[in-house]
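Okay, so the sequence shown: first residue is 312 according to our numbering, each after it adds one.
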Amino acid sequence: MDADPKYIEQTLLKAGDVAKRLNISRSLAYQLMKSGEITSVKIRKLIRTTESDLDDYIEKSRMIN
312 MDADPKYIEQ TLLKAGDVAK RLNISRSLAY QLMKSGEITS VKIRKLIRTT ESDLDDYIEK
372 SRMIN
């Protein structure tokens, strides 16, 4: 049985991981995730995002000169 591509295993990132990658504070990363600017999932009290969702956020945030 083939896995649904939508559910292929992805690493979930914490706000601290996002902060390091974007070079921002952890609290700002958390705010971006909580507000939905960075697509994320909530697991009880925890909030996480995937590498691909973070990449999407970076791509849509690019400034075009």
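Quick reminder that beta carbons are idealized off the backbone N, C-alpha and C, glycines included. In this text the structure is predicted, and so the values were computed from the model without any measurement.
- Task: Leaving aside the five residues before and after LYS345 along the sequence, list all residues of the same chain whose C-beta is less than 8 Å from its C-beta, in chain order.
- Result: Locating residue 345 in the sequence shown gives position 34, counting from the first residue. Cβ-Cβ distances below 8 Å link LYS345 to SER351, ILE358 in the same chain, with the five nearest sequence neighbours on each side left out; the list follows chain order.
- Item | GLY327 CB to nearest heavy atom of the ligand SAM below 7 Å | What this structure holds is no ligand at all, so the ligand SAM is not there to describe.
- To which residues of the same chain is LEU365 closer than 7 Å at the C-beta, ignoring the five residues directly before and after it? The residue you call residue 365 lines up with position 54 of the sequence shown. Within the same chain, Cβ atoms closer than 7 Å to the Cβ of LEU365 are found at LEU324, VAL329, ARG332, ILE349, the five residues on either side in sequence being excluded.
- Message: In this structure, how does DSSP classify LYS356 when only helix, strand and coil are distinguished?
- Response: Indexing the sequence shown from 1 puts residue 356 at position 45. If DSSP states are grouped into helix, strand and coil, LYS356 belongs with coil.
- What's the C-alpha gap between SER336 and ILE375? Start at 1 with the first residue of the sequence shown, and residue 336 comes out as number 25. Start at 1 with the first residue of the sequence shown, and residue 375 comes out as number 64. Going from the Cα of SER336 to the Cα of ILE375 covers about 25 Å.
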